[in-house]
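*Asks:* Reading the sequence shown from the start, the letters are residues 0 to 183 in numbering that gives the first Met the number 0.
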Amino acid sequence: MMRSIEDLVKGTKELPYPSIGKDITIEEAVRIWKAVGEFVYQNLLQNRIVSIPNIGKFAIHEEKIPVAHNPSRFYCRRTPIFQLSSRLTRHFRMKETNNLINGSRPEVSLNISTIAYMCHVPRFVVDVCIKEITAAVYRRLAENVRVELPFAGIGVVSIRRETYKILFQYKLLKRINETVIRSE
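(1) Under a Cβ-count criterion, where at least 16 other Cβ atoms within 10 Å of its own Cβ denotes burial, should S50 be classed as buried or exposed?
(2) Which residue or residues does DSSP assign as beta-bridge partners of F81?
(3) Comparing alpha-carbon positions, which option in T24, L172 and G154 lies nearest K164?
(4) Excluding sequence positions up to five away, which residues of its chain have a Cβ less than 8 Å from the Cβ of K56?
(5) Using three-state DSSP, classify F91 as helix, strand or coil.
(6) Excluding sequence positions up to five away, which residues of its chain have a Cβ less than 8 Å from the Cβ of F167?
(7) Using a Cβ-Cβ cutoff of less than 6 Å, which residues in the same chain neighbour Y40 once the five nearest sequence positions on both sides are dropped?
(8) Take F91 as the anchor and find which of G20, L171, R159 and D22 has the nearest alpha-carbon.
(9) Could you tell me how far apart the beta carbons of V35 and I129 are, in whole angstroms, since I believe they sit closer than 8 Å?
(10) I think I59 touches R77, with their Cβ atoms under 8 Å apart; what is that distance to the nearest whole Å?
(11) For E27, which residues in the same chain have their Cβ closer than 8 Å to its Cβ, ignoring the five residues on either side in sequence?
(12) Looking only at its chain, what residues have a beta carbon closer than 6 Å to the beta carbon of I111, apart from the 5 residues adjacent to it on each side?
(13) In its own chain, which residues sit with a C-beta less than 7 Å from the C-beta of N53, not counting the 5 before and 5 after it?
(14) Quick check on this structure: which residue in V66, V146, P70 and S3 has the alpha carbon closest to the alpha carbon of E161?
(15) How big is the Cα-Cα spacing for K170 and L43?
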């Protein structure tokens, strides 16, 4: 069971030809993965869907709750959600959830250039690091070992056999789940 970003990065040493630990230091890899979490956090606050290739999507689910007897006014309850990528669920025969991520919000893929700028490392280093961490996750899932993907500022995605769950940090929930009264 992985508890921290360092454990996740050290798990890449099991890969056949790892770059983390040789060409990329473990400290750089940890800094890159923290920047991935920060990138997702910033885009969630801007109400965007963030897609991490071969891992999943983060989004905000909005639920409109009418206020008493006035149908034109409602509370807007916003909660963060995470959905595994279809490739990951098909590959490991996991239970697919119904698609809660829909709507007209913009979808942003993980921007390697932005993350490289945040970490002050070259783009190819960020690209290799993210691919190796993803490969380490796939390898651990193939071994039927529980995998925990920590995202800085967001929470921890825990995957075990055919199920997964995410524990969001209170700071994120408090920031996103602000109830707002709106009128149409």
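Cβ coordinates follow ideal geometry from the N, Cα and C atoms, glycine included.
*Replies:* Judging by the given coordinates:
(1) Residue burial is scored here from C-beta neighbours: S50 has at least 16 other C-beta atoms within 10 angstroms and is therefore classed as buried.
(2) The beta-bridge partner set that DSSP reports for F81 consists of F57.
(3) For the set T24, L172 and G154, the Cα lying nearest the Cα of K164 is the one of G154.
(4) Excluding residues within five positions, the ones whose Cβ falls inside 8 Å are I48, V49, S50, F81, Q82, S84, I100 and E106.
(5) Reduced to three states, the DSSP call for F91 is coil.
(6) Same-chain partners within the cutoff: P79, I153 and G154.
(7) Only G152 and I153 meet the Cβ criterion.
(8) Considering only alpha carbons, the answer is R159.
(9) 7 Å between Cβ atoms; contact.
(10) I59 to R77, Cβ: 5 Å. Contact.
(11) The beta carbon of E27 is closer than 8 Å to those of C118, V120, V124 and C128 in its chain, skipping five residues each way along the sequence.
(12) Here the set comprises R122, V125 and D126.
(13) Contacts found: S84, R86, L87 and T133.
(14) Out of V66, V146, P70 and S3, the CA that lies nearest to the CA of E161 is found in V146.
(15) One C-alpha to the other measures close to 13 Å.
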